[in-house]
Structures are given as C-alpha cells and as structure tokens.
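J.:
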Amino acid sequence: MSFSKTIVLRNYDGETFVVDEVVAVEPQTIEHMIEDGCANTSIPLPNITSKILSKVIEHCKKHVETPNSNEKATKADLKSFDFDFVKADQGTLFDLILAVNYLNIKGLLDLIYQTVADMIKGKTPEEEEEMRRLKRRLNAWVFSCFVGVTCLYFKSKKM
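Structure follows, in structure tokens:
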C-alpha cells in the first residue's frame, strides 16, 4: 500500500524512520504533534529505542493495511498477527508498554497488558512480587519521562 505523505520519526538512538502519514498517526501522541504543527522536519521520540519503535511501526502498519471489514479471514489474520506480535520476553514487553503508553495506542496497550496479565496467572507469590517490583520501577520511569517531555513541550511553545 502506498501513501503520498510521509513523516520522519527520530528515536532515542538518533535513528530516523520514514513512515507513511496514515501509519504514523495511529499513535495519538504523534497525531496530536502533527495537528499542533510540531512535525515540520521530524518528530522526536526521545524515550523509544530503535528495536521497540520498529516493532510499534510494524504493528501500526499491519493494522492500517488490513482492510477494516467483517470478513472472518481478515479478522483471524489480524488476531494471529497480534498473538505472534506479543510473543516476546518480559523485558521487551515492558519496553513496549513504555513506548505504547507514551505514544497512546490504546488497542496495542490493551493487548500487551492482557499478555502480561496472562503471564502472571499461575505464578507463585514470590514470582508475582518480582513482576510487581518491575512494574513499580516501570511506573516511576514512565512518570519521570512524562514530566520531562511535558516540560520540553511547554518550553518549546513559549519560544
């Protein structure tokens, strides 16, 4: 599928990703940046690594390119893609949670949260506590990133 306008995303590592606009606006954060005129040259995504951003783009692209129909085959294909997409180690899933939460992709966030919840099922109390510790560290990091990005955004609006 070919689209006319492209958006450049620049991640934590300084790597750039040229993405069709219709795919790039799947995340609400990027859609709002474009609407607010913050996408003149590239959109900075300072807290997302190349590995994670490429996975998020892959997911958005698949969901944009798959026809929005009620055909069982199409829905089954998308469901299979999503199932395979979240087959990842715990660290990758938590990195995806951070990125997808920041980018505000509700459907993908719900999918990953459900995967993590399924991972917790059948765990011993000690194993659950270890996952909770990871979650607390994750939440602290998300909050600090959110505050930092918000401050940068408002500083840029004052200039």
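Letter 76 of the sequence shown, counting from 1, is numbered 973 in this note's numbering, and no numbers are missing. Beta carbons: idealized from backbone N, C-alpha and C, even for Gly. These numbers come from a predicted model, not from an experiment.
For the structure I just gave you, are there three or more beta carbon pairs, one from the segment 930-942 and one from the segment 965-984, closer than 8 angstroms?
T.: They do not touch, by the three-pair rule.
J.: How many whole angstroms separate the CB atoms of T903 and L1000, which I take to be in contact at a CB cut-off of 8 angstroms?
T.: Their Cβ separation, rounded to whole angstroms, is 18 angstroms, which puts T903 and L1000 out of contact at 8 angstroms.
J.: How would you call N965, buried or exposed, if buried means at least 16 neighbouring beta carbons within 10 angstroms?
T.: Per the 10 Å Cβ criterion, exposed.
J.: Less than 8 angstroms between C-beta atoms, sequence neighbours within five positions excluded: which residues of the same chain meet that for V953?
T.: Taken in chain order, the residues that qualify are P924, I945, L993, A996, V997, L1000, I1002, L1005.
J.: Can you tell me which of the three DSSP states I904 falls into?
T.: I904: strand per DSSP, three-state reduction.
J.: Output the distance between the C-alpha atoms of D979 and D1007, rounded to the nearest integer angstrom.
T.: Approximately 11 angstroms, taken between the alpha carbons.
J.: At what residue ranges does the segment 922-958 contain a whole run of the alpha helix (DSSP H), taking only runs of 4 or more?
T.: Segments of the alpha helix (DSSP H) lying fully in the segment 922-958: 925-932.
J.: Buried or exposed, going by whether 16 or more other CB atoms sit within 10 Å of the CB of A936?
T.: Under this definition A936 is a buried residue.
J.: Between L990 and T913, what straight-line distance do the alpha-carbon atoms span, to the nearest angstrom?
T.: If you take the alpha carbons of L990 and T913, they lie about 22 angstroms apart.
J.: Just to confirm the assignment, what range does the beta strand (DSSP E) spanning V983 have?
T.: Taken as a continuous stretch (DSSP letters only), V983 belongs to no beta strand (DSSP E), as it is neither H nor E.
J.: For F913, does the three-state DSSP call read helix, strand or coil?
T.: The question names Phe, yet the displayed sequence has Thr at residue 913. It is a strand residue.
J.: Going by DSSP, what residue range makes up the alpha helix (DSSP H) through G1004?
T.: Per DSSP, G1004 belongs to the alpha helix (DSSP H) from 1003-1017.
J.: Between D986 and T1012, what straight-line distance do the alpha-carbon atoms span, to the nearest angstrom?
T.: For D986 and T1012, the distance between alpha carbons rounds to 11 angstroms.
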